[in-house]
Every structure is written in structure tokens, then in C-alpha cells.
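Student: Just passing along the structure, written as C-alpha cells.
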Amino acid sequence: MGGVRIRVAALVAGLAVASPGWAAGTCDSLSYAEQETCWPRHLAAQAQQMKKLVDTRIGRIAPDEITDAVRRGAFAETIRRSQAAWEAYRNLECSEMEFMMRRHVSVAIDSCKAELNAARLETLRRNLGP
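Just so we're aligned, residue 3 is where the sequence shown starts under our numbering, counting upward by one.
Laid out in C-alpha cells, this is it:
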């Protein structure tokens, strides 16, 4: 049970994790016109990876980890809520690009989200296990 508490605490603490920089395979070297189609695809792929990590961890909650079915459900809900809170943080953090940029706002917002997603994926991988 202690391991579960530590993992959930790490996920919640990961809300304000600093971004480690750009992940390999991003769209930043492309023209702005190409980035307008590249970033949404990249964001969709990252979202799919995050969902898979969360869903996989929820599916692996072992009875010896949390013996009570109600508590297993609460743990699963906590992970989902943590991810939703992180997504709200990411969206707010990147929305300031609207006010800072005069041109290519959507590209700036998408690249900001991709950078934060890369950091979140690393946090999920580290805290949710293999």
C-alpha cells in the first residue's frame, strides 16, 4: 500500500514538473505551414501514449497492492483526476502564448503543449512503472 501512496503523490507532485526540453522527433525544424499540421499529429500521439500509460497502470492494480475493490476504484479515479488536473495546468500554462505571440499562435501553443507533454510522459513512465 505504501508504494501506491508514493506513486500517487509523485503523480500529483508532477503537476508542476519542469520541462526537460524538446523530445526527439518534434516539428520544430519544419516551416510554419508544415508545423500547423505536424504539431496536432504529434500532440495526438503524445495523448495516446499518456492514456495508454495511465490505463495500463490502472489495469495492473494487483489485489495484493490494494485488497479492497472500492479502494482500487478510488486509486484508479485518483490517477485519472491527477491526469485531468495536469492537462488543465498544461492548457493554462500554454494559453499565455496567445498574448505573447503576434503570429503563428497555434504553432506556439501546440509546441508548448508538446514540450510539457514530453515532461509529463517521462513523469508517468517513472512513477507508474514499466
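Beta carbons are placed, not taken as given, at the ideal position from N, Cα and C, and that holds for glycine.
According to DSSP, simplified to helix, strand and coil, what is THR28?
Tutor: Position 26 of the sequence shown, counted from the first residue, corresponds to residue 28. THR28 falls in the coil class under three-state DSSP.
Student: Give the C-beta separation of ARG128 and LEU55 to the nearest angstrom, bearing in mind that I take them to be a contact with Cβ-Cβ under 8 Å.
Tutor: What you label residue 128 is simply residue 126 of the sequence shown in a count that begins at 1. What you label residue 55 is simply residue 53 of the sequence shown in a count that begins at 1. Not a contact, Cβ separation roughly 10 Å.
Student: Buried or exposed for LYS115, please, with buried defined as at least 16 other CB atoms from any protein chain shown within 10 angstroms of its CB.
Tutor: As a position in the sequence shown, residue 115 is number 113, starting the count at 1. Burial call: buried.
Student: Looking at LEU123 and GLN51, is the spacing between their C-beta atoms short of 8 Å?
Tutor: As a first step, residue 51 must be located in the sequence shown, where it is residue number 49. As a first step, residue 123 must be located in the sequence shown, where it is residue number 121. Closer than 8 Å, so yes.
Student: Please state whether DSSP places ILE81 in a helix, a strand or coil.
Tutor: One-based indexing of the sequence shown puts residue 81 at position 79. ILE81 falls in the helix class under three-state DSSP.
Student: Could you tell me the distance, in whole angstroms, from the CA atom of GLN48 to the CA atom of MET102?
Tutor: The sequence position of residue 48 within the sequence shown is 46, counting from 1. The sequence position of residue 102 within the sequence shown is 100, counting from 1. Each residue's Cα considered, the two are about 25 Å apart.
Student: In three-state terms, what does DSSP make of ILE111?
Tutor: Walking along the sequence shown from the start, residue 111 turns up at place 109. Looking at ILE111 - three-state DSSP - the assignment turns out to be helix.
Student: Secondary structure at SER97, three-state DSSP: helix, strand or coil?
Tutor: Looking up residue 97 in the sequence shown gives position 95. Helix, per DSSP.
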